[in-house]
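Below: the structure, in structure tokens.
Number of protein chains: 2
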Amino acid sequence: MALPTETERAFHAHDHSHCLHEGLARAEELARARGLRLTPVRRRTLEILLREHRALGAYEVLEHLAADGFGRQPPVAYRALDFLVANGFAHRIQRLNAFTACAHPGEDHQAVFLICRECQSVAEAPLDGPRDAVEAASDALGFRLERVSIEALGLCPQCAQAA
Amino acid sequence: MALPTETERAFHAHDHSHCLHEGLARAEELARARGLRLTPVRRRTLEILLREHRALGAYEVLEHLAADGFGRQPPVAYRALDFLVANGFAHRIQRLNAFTACAHPGEDHQAVFLICRECQSVAEAPLDGPRDAVEAASDALGFRLERVSIEALGLCPQCAQAA
DNA sequence: GTTAATATGTTATACTATAACCGTCAAGGA
DNA sequence: TCCTTGACGGTTATAGTATAACATATTAAC
Ligand SMILES: [Zn+2]
Ligand SMILES: [Zn+2]
Ligand SMILES: [Zn+2]
Ligand SMILES: [Zn+2]
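Going line by line, the protein sequences match chains X and E.
Per the numbering used here, residue 1 is the first one in the first sequence, and the count goes up by one each step.
Per the numbering used here, residue 1001 is the first one in the second sequence, and the count goes up by one each step.
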């Protein structure tokens, strides 16, 4: 049995404080290396996302920020989230109008998102295979592919078992 | 040279009145076969979508409907669009909060959507290959896949050439 | 024809996102 | 050091997207 990989974590019991601390440490390291400013609001926003393996709406994030003494107006949350997404620390889940912490920041941050329709947990799976397949379909139509977003809906292992 | 396939039409010059009439005829036939009620508003909504190979926002559709003497409040458009989507006559493009007529209603209506970021045209490509790849990724994580939505952003042949 | 279900229209409201403006602060050059 | 500049984070106000709840009208079933 191999140890659980990063992408498997979302769907299995694990020491979650590890995700949180490791995630923050990685982000700080990357920010330093790239000259990005991981300011208090931004850092706290990432922390809020990292606390859960599910996607949070901007207004949900905003509530947490406001409770922690940061601004309580929408732009505060949206700007922090935009920063995190732009720099690969978080992803936007289109189907949910929500955001989730990236499971492996720094690496190629494109991914397939597996969304549980029951418990809303979100996992990232490698994009490679699916992306190649989309690339082939694009080529056939003369479409110049730039970005591909894949969001799958279904049941996570726990919820599938329960059902 | 094969004739252009249904999915190639969006990106190439063609007799577009054909898309419109064929699309409406097919929808009516399918509705009859399945006992669905393709009412005037619904039919007109489909017609509005069929007039363009791009995605239209609900409020954009609503303007057309209102101009044609139908209701002018949001639910009128959303309900008609929901009906079309639920029955495979149209698709929702998450990234654009918009809707587009299905290029091949009646067949398996899942597809990869290729969205031109320049002219907003939308084409459908077969989902088979990409879906298999996503299925493989899901299986590896014990995720029970139900629906997969793939939206690719890039440049259509015309806009790619212009750039 | 009566009844039940479906569909269409309304008003009002909820949810999501951005524009525009201003004060603060840190970095960098005169 | 002082001043300029630009990034940041806070605000108010507003734009854009979507649905709840209710009333009327049409359609389908009996
Ligand atoms: Zn965890
Ligand atoms: Zn679940
Ligand atoms: Zn056409
Ligand atoms: Zn184009």
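Yeah, the Cβ is synthetic: ideal placement off N, Cα and C, and Gly gets one too.
Owing to the predicted nature of the structure, the values given are computational and were not obtained by experimental measurement.
The residue among E:Asp1132, E:Ser1149, E:Val1041, E:Ala1123 with its C-alpha nearest the C-alpha of Gln1110 (chain E) is E:Ser1149. With respect to chain E, the C-beta atom of Pro74 (chain X) has no partner C-beta closer than 8 Å.
Within the region 1094 to 1109 of chain E, those residues whose Cβ lies closer than 8 Å to any Cβ of chain X are, in chain order, Gln1094, Arg1095. Between ligand 1 and His12 (chain X), a heavy atom-to-CB distance of less than 7 Å is absent. Residues of chain E with a Cβ closer than 7 Å to the Cβ of Val148 (chain X) are, in chain order, Ile1150, Ala1152. Secondary structure at Phe99 (chain X): strand, using DSSP grouped into helix, strand and coil. Here the alpha carbons of Ala77 (chain X) and Arg42 (chain X) stand approximately 9 Å from one another. Taking 8 Å as the threshold, the shortest C-beta distance from Val134 (chain X) to chain E falls below it. Under the Cβ distance rule, Ala1160 (chain E) counts among the residues neighbouring chain X, one pair being separated by less than 8 Å.
Interface annotation, Leu38 (chain X): not in contact with chain E, CB-CB separation never under 8 Å.
Every residue whose beta carbon comes nearer than 5 Å to a heavy atom of ligand 4 appears here in chain order: E:Cys1116, E:Glu1118, E:Cys1119, E:Cys1156, E:Cys1159. Straight through space, the alpha carbons of Ser138 (chain X) and Gln1158 (chain E) are spaced by roughly 14 Å. Of all residues in the region 1112 to 1123 of chain E, those with a C-beta nearer than 7 Å to a C-beta of chain X are Val1112, Leu1114, Ala1123, reading in chain order. Cβ contact annotation for Leu1084 (chain E) (same chain, cutoff 7 Å, sequence separation greater than five): Arg1042, Thr1045, Leu1046, Ala1090, in chain order.
Legend: CB atoms of the region 1064 to 1088 of chain E lying less than 9 Å from CB atoms of chain X are not found in any residue. For Cys102 (chain X), the distance from the CB to the nearest heavy atom of ligand 3 is not below 7 Å. Remark: three or more beta-carbon pairs, one from each stretch, lie closer than 8 Å, so the region 23 to 30 of chain X and the region 91 to 108 of chain X are flagged as touching. Ligand 3 has a heavy atom closer than 7 Å to the beta-carbon of His1016 (chain E).
At a threshold of 7 Å, His53 (chain X) counts as near ligand 1, since its beta carbon sits closer than that to one of the ligand's heavy atoms. The nearest non-hydrogen atom of ligand 2 is 7 Å or more from the C-beta of Ser1138 (chain E).
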